[in-house]
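Report on one structure; see the data block that follows.
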Amino acid sequence: INGSGTAVGHYFVCLSPGLFTWRGFRLIDDTPEDLNDTADLGSEASAINDLGHAVGYFQEIDDVFQTENAVKRAALFTGSTPQKIYSANVESVATDINNSGWIVGWWRELSMGDFAERPVHAFLRSNGGNQTLFEGIANAINNNGQVVGSKDTSSGQRAVRWQNGQLEILDDLLPVDSGWELQSADAINDKGEIVGYGLHNGEFRVFVLTPLFLGIDISESAGTPSASTWQAIKELGKEFVIVKGWGGTRN
């Protein structure tokens with residue numbers, strides 16, 4: 435849902451007895467409208483920005499790699515006809531869009547045979563071009579261009595943040611011995627606060643990460659006696675010190 439209250443998602447459609455598909459929609463003033471009314475193979479909208487531009491995917495049969503199942507194509511929805519984000523023969527999904535029109539998501543190569551086991555790659559689309567950020571999934575982007583998601587590492591799946599061309603494992607930005615293994619970062623706001631899920635002392639938890647310096651001027655010009663101390667802590671890379679976690683089941 436965006437700042438104007440416009441929501442996006444998907445709903446199921448019965449094409450014929452026993453045959454169903456799903457279609458992405460935009461909900462404005464309690465009135466749904468299809469984002470792709472010809473998507474008999476399925477479509478879904480996952481996010482919308484304050485300009486009313488939505489992203490997600492639609493499905494089609496690939497021209498080169500004829501597969502038993504339809505292939506997902508990352509898409510930008512601005513009218514009734516979706517715009518492909520990737521023109522190459524890859525499977526892709528767009529997961530989020532910010533108010534600058536920057537889009538994130540994931541892609542993976544197609545091949546003859548089963549492509550489901552091929553690695554996924556996080557992408558960023560900005561200024562009309564696509565950029566692969568890292569091997570993994572980009573789940574969200576804020577209006578500052580910070581991207582969060584997850585990637586596989588030698589120690590398992592880990593939540594990550596990408597900013598200014600650098601990829602960071604969020605576990606590395608927590609205090610030592612926090613007890614947390616952050617597995618996926620699912621959303622980030624313009625304050626830099628991050629939500630996702632992981633393990634705390636071996637138990638599944640959802641979490642909220644709050645930046646240590648949120649709302650605090652730590653520059654030397656702030657004139658506070660502790661300014662240099664704050665800066666020294668920041669340089670250690672322990673950026674998030676407040677972690678709120680709740681138990682529950684993943685769904």
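Those letters in the sequence shown? Residues 435 to 685, per our numbering, in order.
Glycine included, C-beta positions come from ideal geometry on N, C-alpha and C.
Note that the coordinates shown come from a computational prediction; the quantities given were computed from them, not determined experimentally.
Helix, strand or coil: which one does DSSP assign to residue i?
{"i": "L544", "result": "coil"}
{"i": "I435", "result": "coil"}
{"i": "I650", "result": "Per-residue confidence for I650 stands at a pLDDT of 47, beneath the threshold of 50, marking its modelled position as unreliable; the derived number appears in the next sentence. In this structure, I650 counts as coil in the three-state DSSP scheme."}
{"i": "I482", "result": "strand"}
{"i": "L434", "result": "Limits of the chain in this structure are 435 at one end and 685 at the other, which puts residue 434 out of reach."}
{"i": "L607", "result": "helix"}
{"i": "A504", "result": "coil"}
{"i": "G415", "result": "No statement about residue 415 is possible, as the shown extent of the chain runs from 435 to 685 and does not include it."}
{"i": "A441", "result": "strand"}
{"i": "S560", "result": "strand"}
{"i": "T658", "result": "Low per-residue confidence applies at T658: pLDDT is 48, beneath 50, and the placement is therefore not dependable enough to give any value."}
{"i": "L643", "result": "strand"}
Kindly identify the DSSP beta-bridge partner or partners of residue i.
{"i": "Q597", "result": "Q600"}
{"i": "V582", "result": "A574 and R595"}
{"i": "K518", "result": "A509"}
{"i": "H634", "result": "W614 and E637"}
{"i": "R552", "result": "Note: R552 sits in no beta bridge, so no partner."}
{"i": "S534", "result": "Note: S534 sits in no beta bridge, so no partner."}
{"i": "G476", "result": "Paired residues: none, contrary to the question."}
Can you give me the start and stop residues for the beta strand (DSSP E) that residue i sits inside?
{"i": "I531", "result": "V524 to I531"}
{"i": "E494", "result": "A488 to E494"}
{"i": "S588", "result": "Premise fails: S588 is in no beta strand (DSSP E) and is neither H nor E."}
I believe residue i touches residue j by the beta-carbon criterion, under 8 Å. Please report the beta-carbon distance rounded to the nearest angstrom.
{"i": "V489", "j": "A528", "result": "4 Å"}
{"i": "L633", "j": "E615", "result": "4 Å"}
{"i": "R592", "j": "Q617", "result": "7 Å"}
{"i": "A504", "j": "S526", "result": "Going by Cβ atoms, the distance from A504 to S526 rounds to 13 Å, so no, they are not a contact pair."}
{"i": "L558", "j": "W541", "result": "About 11 Å; that fails the 8 Å criterion."}
{"i": "F511", "j": "L485", "result": "Actually they do not touch by this definition, with Cβ atoms about 12 Å apart."}
{"i": "N564", "j": "Y520", "result": "7 Å"}
{"i": "N576", "j": "N532", "result": "6 Å"}
Mind checking if residue i is an interface residue toward chain D, Cβ cutoff 8 Å exclusive?
{"i": "N436", "result": "The structure shown contains no chain D; it holds only a single protein chain."}
The ligand FAD and residue i: does any heavy atom of the ligand fall closer than 7 Å to the residue's C-beta?
{"i": "F568", "result": "Ligands in the displayed structure: none, and consequently the ligand FAD is not present."}
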